[in-house]
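In the working numbering, the protein residues as written are 1 to 181.
Where is the CB? At the ideal position from N, CA and C, for every residue including glycine.
This report refers to the structure that appears directly beneath it.
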């Protein structure tokens, strides 16, 4: 006999147990824009509430990923509405050439540096970064949540690594008492 299936949890229980983590993920996807993050999170939970009778028997982690995916789309929609998208090349050049990076690297731990670099990315790439690197989802899960192809996810991950790698090498050199001190 298989193990018994746990009873579905109430929406309130689900919300209380997942909201803090979802809020943090969405805040990072929104690059720290508190208003966009709060609106996207609220709209995502409202959308799940409307579907709860169909989704309540799903594992809580699957529903949490579902909410993050909805919220990620809401954040990207908000950026599209505000026309705040910038050219990818300009963003990458700014991340690499920013003269403040040296100061930041001297003062911040690796995770903060990584989060700042992620925050400078266009919304879709930022969403991929948060889900892949910070939420530790795999390519398939990220693609499903964001409704993009796995190859698009892989491309974003490769480009993110290209931007992050020099910064992590620099941090390592500073940490070992090398360059920058």
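Presumed contact (8 Å Cβ cut-off) between residue i and residue j, rounded CB distance
i: residue 127; j: residue 29; result: 5 Å
i: residue 131; j: residue 142; result: 5 Å
i: residue 60; j: residue 17; result: 7 Å
i: residue 21; j: residue 64; result: 7 Å
i: residue 74; j: residue 40; result: 4 Å
i: residue 25; j: residue 135; result: 6 Å
Contacts around residue i, its chain only, beta-carbon distance under 7 Å, and the 5 residues preceding and following it disregarded
i: residue 129; result: 118, 121, 160
i: residue 139; result: 150, 153, 154
i: residue 4; result: For residue 4, the predicted model reports a pLDDT of 48, less than 50, meaning its position is unreliable; a value from the coordinates is still stated below. Cβ within range, chain order: n/a, list empty.
Run of the alpha helix (DSSP H) containing residue i, from where it starts to where it stops
i: residue 22; result: 11-29
i: residue 123; result: 123-129
i: residue 148; result: Residue 148 -> no alpha helix (DSSP H), and no H or E assigned at all.
Cut-off 6 Å between Cβ atoms - residues of its own chain near residue i, not counting five sequence neighbours on either side
i: residue 78; result: 36
i: residue 47; result: 70
Sequence-distant residues of its chain with Cβ nearer than 8 Å to residue i (five each side left out)
i: residue 6; result: For residue 6, the predicted structure reports a pLDDT of 49, less than 50, and the residue's modelled location is therefore unreliable. The matter cannot be settled from this model.
i: residue 12; result: none
*Within the chosen definition, does the segment 138-147 reach the segment 63-73 through at least 3 CB pairs nearer than 8 Å?*
yes
*Taking only runs of the alpha helix (DSSP H) that begin and end inside the segment 24-81, which ones reach a length of at least 4 residues, in chain order?*
34-55
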